[in-house]
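Plus 404 on top of the position in the sequence shown (first one is 1) and you've got our numbering. Using N, Cα and C, we set each Cβ at its ideal position, and we do this for glycine too.
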Amino acid sequence: MSRDISDPMRDIPPGILLIRSIRGRDWNIKTYRYMVLIITFIAYTGYHASRKPSSIVKSVLDPEPNKNSNLIIPWPVGDLFIGKEVMVTNTSIDAGGSRNNKGWAPFNGKDGTSKLGEIDVAFLACYSMGMYVAGHLGDRLDLRLFLTTGMIGSGIFVALFGMGYFWNIHVFWFYLVMQMVAGLFQATGWPSVVAVIGNWFGKRKRGLIMGIWNAHTSVGNICGSLLAASVLDYGWGWSFILPGAFIFLGGIMVYMFLAAYPEDVGFADLNGLPVEAATLPDDVETQISKDVMAGDEQNTDPRFTSVNRRSVGLLEACLIPGVIPFALCLFFAKLVAYTFLYWLPFYLSHTAIDGEYMSVKSAGNLSTLFDVGGIVGGILAGYISDRLKARAITAASFMYAAIPAMLLYRSYGYMSKSINVVLMMIAGLFVNGPYALITTAVSADLGTHSSLRGDSRALATVTAIIDGTGSIGAALGPLLTGFLSTKGWDVVFVMLTVGAFTAGLLISQLVVTEVKEKFCKQMPSRQNDLAGPASHPLLSERR
Numbered sequence: 405m406s407r408d409i410s411d412p413m414r415d416i417p418p419g420i421l422l423i424r425s426i427r428g429r430d431w432n433i434k435t436y437r438y439m440v441l442i443i444t445f446i447a448y449t450g451y452h453a454s455r456k457p458s459s460i461v462k463s464v465l466d467p468e469p470n471k472n473s474n475l476i477i478p479w480p481v482g483d484l485f486i487g488k489e490v491m492v493t494n495t496s497i498d499a500g501g502s503r504n505n506k507g508w509a510p511f512n513g514k515d516g517t518s519k520l521g522e523i524d525v526a527f528l529a530c531y532s533m534g535m536y537v538a539g540h541l542g543d544r545l546d547l548r549l550f551l552t553t554g555m556i557g558s559g560i561f562v563a564l565f566g567m568g569y570f571w572n573i574h575v576f577w578f579y580l581v582m583q584m585v586a587g588l589f590q591a592t593g594w595p596s597v598v599a600v601i602g603n604w605f606g607k608r609k610r611g612l613i614m615g616i617w618n619a620h621t622s623v624g625n626i627c628g629s630l631l632a633a634s635v636l637d638y639g640w641g642w643s644f645i646l647p648g649a650f651i652f653l654g655g656i657m658v659y660m661f662l663a664a665y666p667e668d669v670g671f672a673d674l675n676g677l678p679v680e681a682a683t684l685p686d687d688v689e690t691q692i693s694k695d696v697m698a699g700d701e702q703n704t705d706p707r708f709t710s711v712n713r714r715s716v717g718l719l720e721a722c723l724i725p726g727v728i729p730f731a732l733c734l735f736f737a738k739l740v741a742y743t744f745l746y747w748l749p750f751y752l753s754h755t756a757i758d759g760e761y762m763s764v765k766s767a768g769n770l771s772t773l774f775d776v777g778g779i780v781g782g783i784l785a786g787y788i789s790d791r792l793k794a795r796a797i798t799a800a801s802f803m804y805a806a807i808p809a810m811l812l813y814r815s816y817g818y819m820s821k822s823i824n825v826v827l828m829m830i831a832g833l834f835v836n837g838p839y840a841l842i843t844t845a846v847s848a849d850l851g852t853h854s855s856l857r858g859d860s861r862a863l864a865t866v867t868a869i870i871d872g873t874g875s876i877g878a879a880l881g882p883l884l885t886g887f888l889s890t891k892g893w894d895v896v897f898v899m900l901t902v903g904a905f906t907a908g909l910l911i912s913q914l915v916v917t918e919v920k921e922k923f924c925k926q927m928p929s930r931q932n933d934l935a936g937p938a939s940h941p942l943l944s945e946r947r
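Structure below.
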């Protein structure tokens, strides 16, 4: 993964070399940016798709007594709501080789729900701990190779979890170990893709761009749900193998086509330009980058090589203003978001809606609408934060708005399917909005903070600190839900409400700072307008 800066063909993905040889010329920077957006979007869609199967098969591994349901064709191809019918996929094979309809050992006992929660927390604990290491490595190793390794490794171990069905494994530690190792490989994803986007895009409209781009999280959840549900009839093992194959193939795509650094395909380091490109209009920024690249010749100026940038340490990155408050905020924001991610299908299949219980597949289908709301929330939060130039105000407002949204969903979601859908999407909008904003635009902003003096190699490290801390909360939420759900779902929603309120509270100081800055900026402008141009010779001269 080390780079030789004397090699003019260093780090150029083989797929791009092939395209160059076919076209006879290189792409411009705008095309490369589109490619980076598309490839990283697909890559992280694969990461999230491979995390979703465990939530889909929960009700198969640990079915409610005397409640069975058939899995037919998944939405959007088939019906969204599917009635109860007999199914064969929630069967296990006993020692004598005969099947029984009591779920899958070791998850079908009295402590089955708790064991499923332990599986989730094992994955997320390894994911969060691995995040700190992965972010540090991501700023030192080739991001393309690092990301490829993580995706292929994730695909293998997600698929191995599903192979437990075909190998008739009923030992808890097997599934625990598979999830833990998968969590470590999954940790490579987020710091890497955010660092790549930060390498290619300046701060101008970063919130909106990353808000749209961050839809991969919800798209991945939706794809994972549909992939897992579509093959559940053939055995729950396929629900892991298919998403595992998806991320595996995505890793090959990343290796072939992802240009992780602009300088590796002939452009200057966009975060290290003498004049910050992020503050310039798009046409000027593009022209600066074009001036760096003469024809198709590779830029070998050592000032612009990715190896010569100094990487910051974890402690130094923690001292960047805003990193710790946003990291702690994300702890509780992800606690809420990941509780929905892992437990919403289970909640839906165990809650009567309009007096009826829905099937496992129908619950998985319906849960995707939460992520549809999340897509809108991420884009809306990014757009608002760009317009207001206030990330903390936007994030806190969304977290506080999530509280009544979740309470309304719990209180009235059971009344009818239509009400459930509407309230679920509204809750998804406010829950996923700040989560998306903090993990994308805020992380990229802080990773290229002015205190770093243009050292963009802090991108992956800062992202890892913020998202790694958030992932600890993501591990805690599903674990607590596994225990609290036995006392009733009202207790779970109390936990979610407290989490959302605490998330907003933790960035209150940053909110106050942003409000003061806006107030201070408005006061001089109002005074100037009242005084008129005559009182300000320089101003009147400009006018």
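For Arg-791, count neighbouring C-beta atoms within 10 Å of its own C-beta (all shown protein chains included) and say buried if the count is 16 or more, exposed if not.
exposed
So, for Val-481: in the same chain, excluding its five sequence neighbours on each side, which residues have a beta-carbon less than 6 Å away from its beta-carbon?
In this prediction, Val-481 scores a pLDDT of 38, lower than 50, which makes its location untrustworthy; the coordinate-derived value is nonetheless stated afterwards. Once the five neighbours on either side are set aside, Val-481 has no close Cβ partner at all.
Residue environment, Leu-773, which counts as buried when at least 16 other CB atoms sit within 10 Å:
So Leu-773 counts as buried.
Leu-734 and Ile-869: beta carbons closer than 7 Å?
no
Separation of Asp-668 from Phe-897, as counted between CA atoms:
48 Å
Go ahead and label Cys-530 buried or exposed: buried means 16 or more other beta carbons lie within 10 angstroms of its beta carbon, across all protein chains shown.
Cys-530 sits buried, since 16 or more C-beta atoms from the chains shown fall within 10 Å of its C-beta.
Report buried or exposed for Ser-847, applying the criterion of at least 16 other Cβ atoms within 10 angstroms of its Cβ.
buried
Close Cβ partners of Ala-721 (< 7 Å) along its chain, the five nearest in sequence each way excluded:
Val-727, Ala-862, Thr-865, Val-866, Ile-869
What number of angstroms, rounded off, separates the C-alpha of Lys-891 from the C-alpha of Ser-454?
Looking at the backbone, the Cα of Lys-891 and that of Ser-454 are separated by about 30 Å.
Less than 8 Å between the CB atoms is what I'm expecting for Ala-806 and Val-895, so what's the real figure, rounded?
Not a contact, Cβ separation roughly 18 Å.
Do the CB positions of Ile-460 and Gly-817 come within less than 7 Å of each other?
no
I believe Ile-783 touches Phe-652 by the beta-carbon criterion, under 8 Å. Please report the beta-carbon distance rounded to the nearest angstrom.
That belief does not hold up - the Cβ atoms of Ile-783 and Phe-652 are roughly 29 Å apart, past 8 Å.
Ignoring anything shorter than 4 residues or poking outside the region 718-803, list the alpha helix (DSSP H) runs there in chain order.
718-722, 727-753, 764-792
Spatial distance of Val-919 from Leu-883 (CA atoms):
37 Å
Beta-carbon within less than 6 Å of Gly-611's beta-carbon, same chain only, minus the 5 sequence neighbours each way: which residues are those?
Gly-786, Ser-789, Asp-790, Ala-845
Just verifying my parser: in three-state terms, what is the DSSP assignment at Pro-418?
helix
Buried or exposed: which applies to Gly-426, given that a residue is buried once 16 or more other Cβ atoms fall within 10 Å of its Cβ?
Reading off the sequence shown, one finds Ile at residue 426, where the question assumed Gly. Ile-426 is exposed by the Cβ-count criterion.
If you draw a straight line from the C-alpha of Leu-422 to the C-alpha of Trp-431, how long is it?
12 Å
Measure the CB-CB distance between Leu-745 and Leu-770 and report whether it falls below 7 Å.
no
What's the C-alpha gap between Leu-910 and Val-835?
16 Å
Rounded to whole angstroms, what's the CA-CA distance from Gly-559 to Trp-508? Just pull it up for me.
23 Å
Go ahead and label Gln-913 buried or exposed: buried means 16 or more other beta carbons lie within 10 angstroms of its beta carbon, across all protein chains shown.
exposed
Look up Met-829 in the DSSP assignment and say whether it is helix, strand or coil.
helix
For Tyr-761 and Ile-420, the rounded distance between their alpha carbons:
51 Å
Nearest residue (CA-CA) to Glu-522, options Pro-725, Trp-747, Val-764, Thr-906
Trp-747
Is the Cβ of Thr-873 closer than 7 Å to any Cβ of chain B?
Included in the structure is just one protein chain, with no chain B present.
For Ala-619, which option in Ala-840, Ala-907, Arg-429, Val-585 has the closest C-alpha, if you only look at C-alpha atoms?
Ala-840
DSSP on Tyr-438, reduced to helix/strand/coil?
helix
Per-residue DSSP class, three states only, for Thr-885
Note: Thr-885 maps to helix in three-state DSSP.
For Thr-948, which residues of its own chain have a beta-carbon under 7 Å away from its beta-carbon, when the five flanking residues on both sides are left out?
The requested residue 948 does not occur in the structure, where the chain is confined to residues 405 to 947.
Is the distance from the Cβ of Met-582 to the Cβ of Ala-526 below 7 Å?
no
Through-space distance from Met-439 to Phe-605, alpha-carbon basis
13 Å
Sequence-distant residues of the same chain with beta carbon closer than 6 Å to Gly-566, five excluded per side:
Gly-641, Phe-644, Ile-645
Start-end ranges of the alpha helix (DSSP H) lying completely within the region 563-642, minimum 4 residues:
576-590, 593-604, 610-617, 619-634
Alpha helix (DSSP H) segment containing Trp-893, residue limits
Under the DSSP assignment, Trp-893 falls in the alpha helix (DSSP H) whose first and last residues are 893-910.
Quick check on Gly-521: does DSSP put it in helix, strand or coil?
The answer is helix: DSSP assigns Gly-521 an H, G or I state.
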